[in-house]
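Chemist: Here it is, the structure in full.
Shown next, in the form of structure tokens:
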């Protein structure tokens, strides 16, 4: 049926950009034209009209034109009588060539943009992302951690967690080390490598052992020198 399963991760809009990017645009427009939190739903019609009539940066045309084959008729625009097709056949004859030309241009623009994004993503992934292997330990950044501390003193990461499955270079499945049943998917942007801290306790114990051994050696050497026989004077 052409259904593709995708792993959508929390706090990572880039993995579902087709949905999250329009949602972000809608939120930005509503934040601009809405002055009261109670009437934002009344602005949705105007918001969708603005999005459908705007030129998309990837397709270089408006979504309305791709859907209907003509530009949207806004209040400040009008269409001359000579441009209106007289019958349905004439409308189809004008519509199909225009749509074919537009679709081909959109396809070319999308291919170039996709190639550009892939090259940029490859460079960014290699330079900034750590290559985690199955079994690796890491900490996970959690935006909101319940704590009584202030925002500056609040811990930013939780863990450690263990990588149990790797979907791609940026998508992983993690397992809580203390709670093995707790598993979830995570994006690499929220992961940092787990580096075991160097403990200085064994050095302190080693210094005490060295001091004790040095004292024992001194006592042994002193006793050894006391037991050494004295030289006999032959002239006596």
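Numbering (the working numbering), first residue to last: 252 to 487.
Yeah, the Cβ is synthetic: ideal placement off N, Cα and C, and Gly gets one too.
As the structure is a prediction and not an experimental result, all values here were calculated from the model.
Cβ atoms of residue 435 and residue 410: under 9 Å apart, would you say?
Modeler: As a first step, residue 410 must be located in the chain shown, where it is residue number 159. As a first step, residue 435 must be located in the chain shown, where it is residue number 184. No, Cβ-Cβ distance for residue 410 and residue 435 is not below 9 Å.
Chemist: Tell me the DSSP secondary structure of residue 426 in three-state form.
Modeler: Translated into positions along the chain shown, residue 426 becomes position 175. If DSSP states are grouped into helix, strand and coil, residue 426 belongs with the strands.
Chemist: Using 8 Å as the cut-off, classify the Cβ of residue 323 as near or not near the heavy atoms of the ligand SAM, replying yes or no.
Modeler: No copy of the ligand SAM occurs in the structure displayed, which carries no ligand at all.
Chemist: Excluding the five sequence neighbours on either side, which residues of its own chain have a C-beta within less than 7 Å of the C-beta of residue 350, listed in chain order?
Modeler: What you label residue 350 is simply residue 99 of the chain shown in a count that begins at 1. So the qualifying residues of the chain are 320.
Chemist: Keeping to the same chain, check which residues put their C-beta closer than 6 Å to that of residue 316; ignore five residues upstream and five downstream.
Modeler: Position 65 of the chain shown, counted from the first residue, corresponds to residue 316. Cβ neighbours of residue 316 within its own chain (closer than 6 Å, five residues either side excluded): 322.
Chemist: Using the Cβ count rule (16 or more neighbours within 10 Å means buried), how would you classify residue 437?
Modeler: Indexing the chain shown from 1 puts residue 437 at position 186. By the 10 Å Cβ count, residue 437 comes out buried.
Chemist: If you compare alpha carbons, which of 412, 310, 282, 429 is closest to residue 297?
Modeler: If you number the chain shown from 1, residue 297 lands on position 46. If we check each option's Cα against that of residue 297, 282 comes out closest.
Chemist: I'd like the list of long-range same chain contacts for residue 384, defined as Cβ closer than 8 Å, with 5 residues on each side in sequence excluded.
Modeler: Your numbering for residue 384 matches position 133 in the chain shown. Excluding positions up to five away in sequence, the list reads 414, 417.
Chemist: Step through the CB atoms of chain E and report whether any lies within less than 9 Å of the CB of residue 414.
Modeler: Among the protein chains of the structure shown there is no chain E, as only one such chain exists.
Chemist: Could you tell me how far apart the beta carbons of residue 504 and residue 355 are, in whole angstroms, since I believe they sit closer than 8 Å?
Modeler: For residue 504 there is no data in the structure shown, the boundaries of the chain being 252 and 487.
Chemist: Classify residue 441: buried if its beta carbon has 16 or more other beta carbons within 10 angstroms, exposed otherwise.
Modeler: Position 190 of the chain shown, counted from the start, is the residue given in the question as residue 441. Residue 441 is buried by the Cβ-count criterion.
Chemist: Please return the same chain residues whose Cβ sits closer than 6 Å to the Cβ of residue 381, not counting the five positions on each side in sequence.
Modeler: Numbered from 1 along the chain shown, position 130 holds the residue referred to as residue 381. Taken in chain order, the residues that qualify are 444.
Chemist: Could you check the C-alpha separation between residue 345 and residue 358 for me, to the nearest Å?
Modeler: For the purposes of this step, residue 345 is identified with residue 94 of the chain shown, where counting begins at 1. For the purposes of this step, residue 358 is identified with residue 107 of the chain shown, where counting begins at 1. Approximately 21 Å, taken between the alpha carbons.
Chemist: Judging by CA-CA distance, which residue of 272, 412, 290 is the nearest neighbour of residue 427?
Modeler: By 1-based counting over the chain shown, the position of residue 427 is 176. If we check each option's Cα against that of residue 427, 412 comes out closest.
Chemist: Using a Cβ-Cβ cut-off of 7 Å (strictly less than) and excluding sequence neighbours within five positions of residue 303, which residues of its own chain qualify?
Modeler: The residue you call residue 303 lines up with position 52 of the chain shown. Answer for residue 303: 313, 314, 315, 323, listed in chain order.
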